[in-house]
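The sequence shown runs 241 to 346 under this note's numbering.
From the three backbone atoms N, C-alpha and C, an ideal C-beta is built for every residue, glycine too.
Heads up, the thing below is written out as C-alpha cells.
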Amino acid sequence: MSNKKYIEWLEKSIANKYVNHFEYSEFQDFQLIGNGAFGEVMHAYWKNQGCDVALKSFNNNKTTLKNIVKEIKLHKEVDFHSNIIRIFGITSEETGKFLEISCKNS
Numbered sequence: 241m242s243n244k245k246y247i248e249w250l251e252k253s254i255a256n257k258y259v260n261h262f263e264y265s266e267f268q269d270f271q272l273i274g275n276g277a278f279g280e281v282m283h284a285y286w287k288n289q290g291c292d293v294a295l296k297s298f299n300n301n302k303t304t305l306k307n308i309v310k311e312i313k314l315h316k317e318v319d320f321h322s323n324i325i326r327i328f329g330i331t332s333e334e335t336g337k338f339l340e341i342s343c344k345n346s
C-alpha cells in the first residue's frame, strides 16, 4: 500500500467514525517524554476532557504510516480490556504529522 493509501484509510476511518479525530488545539502544556525512529512521545493536557494524555507522533513515511494503521486496527480489537492503554483517536499538527492520543483506562 502506498503512503497515499494509508492516508486515505485514515481519512476514511475518521469520516466513518471508526477512528476519532480531535483538533490539535484541544491539547496544551506539551512535555517531551521520549523519542525514537518512529517519532516522539509527549505528555499533554487535554483541555476538553480535563485529563493528561500521551501523544505519540509519527514521521510520515510509508513504513510508519503502515504501522499507524496496523496499530489502530490492533487496538480496536482489544479496546474492551481495562489493562490496555486506550487509543482515543488521532490529531494532526499543521505540519501534517499524525499524533495518536492514548491514556490508560481508569
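{"Item": "Between the CA atoms of Ile308 and Val318 - distance to the nearest angstrom", "Value": "16 angstroms"}
{"Item": "Nearest-angstrom Cα separation, counted from Lys306 out to Asn243", "Value": "8 angstroms"}
{"Item": "C-alpha gap between Phe267 and Tyr258, whole angstroms", "Value": "21 angstroms"}
{"Item": "Residues bridged to Gly274 (per DSSP)", "Value": "Val281"}
{"Item": "Closest residue to Leu272 among Ala294, His315, Asn288 and His261 (Cα-Cα distance)", "Value": "Ala294"}
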